[in-house]
């Protein structure tokens with residue numbers, strides 16, 4: 115089946131996403147374990163991905179846990195350090211597809227403000243022809259609505275979309291709609307998939323080839 119567009123997840127596909135590593139470096143592993151045990155930072159982040167205001171979500175959690183307020187605020191003030199660095203081979207694949215004239219989309223569970231921060235830090239994100247960001251749409255993977263939005267907005271049939279994501283549930287949801295999919299476990303495997311699909315040559319999929 116021909117592919118009319120390639121759809122990239124962002125976190126852990128285009129860029130690293132590792133809050134644990136950031137907090138281990140900043141406050142130490144033992145204190146980080148206490149923080150994450152006592153404060154639902156991941157739940158707060160999910161609310162931002164779903165459309166909650168980033169500042170309000172962080173400040174609300176800080177007010178609930180004043181003993182951890184400084185550490186909680188780091189989630190917003192140092193967000194880009196958790197979402198770093200870029201994954202160079204993935205960036206190369208994005209550029210290679212774009213150079214071949216293949217439409218490329220971003221489909222990510224990410225808050226609206228974090229997405230703006232990411233775009234400022236990673237100018238190559240401007241290469242995406244269309245972006246579908248959960249915090250802006252108030253739709254999240256693996257729910258069906260965000261996939262339907264991609265299909266309807268792009269006017270591309272599900273079976274002509276090729277999607278990569280590092281989360282199996284998100285891949286399964288796309289596959290259930292008929293999308294072609296690839297579970298991302300590193301850029302090398304993704305490169306191989308793109309070559310197998312006939313979208314890139316092996317040389318084009320290899321950095322500095």
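Numbering (our numbering), first residue to last: 115 to 323. Just so it is clear, CB atoms sit at the ideal spot from N, CA and C, and this is done for glycine as well. Owing to the predicted nature of the structure, the values given are computational and were not obtained by experimental measurement.
- Here the alpha carbon of residue 214 sits roughly 14 Å from the alpha carbon of residue 311.
- When beta bridges are read from the DSSP output, residue 220 appears opposite 122, 245.
- The secondary-structure analysis by DSSP pairs residue 277 across a beta bridge with 121, 295.
- For the options 143, 235, 162, the alpha carbon positioned closest to that of residue 247 is the one of 162.
- In the structure shown, residue 129 adopts extended strand secondary structure according to DSSP, grouped into three states.
- According to the DSSP assignment, residue 263 belongs to the alpha helix (DSSP H) that extends over 258-268.
- In this structure residue 321 does not touch residue 192 by the C-beta definition: roughly 29 Å separates them, more than the 8 Å allowed.
- DSSP places residue 311 outside both helix and strand once states are collapsed to three, so it counts as coil.
- Straight-line measurement puts the Cα of residue 121 at about 17 Å from the Cα of residue 200.
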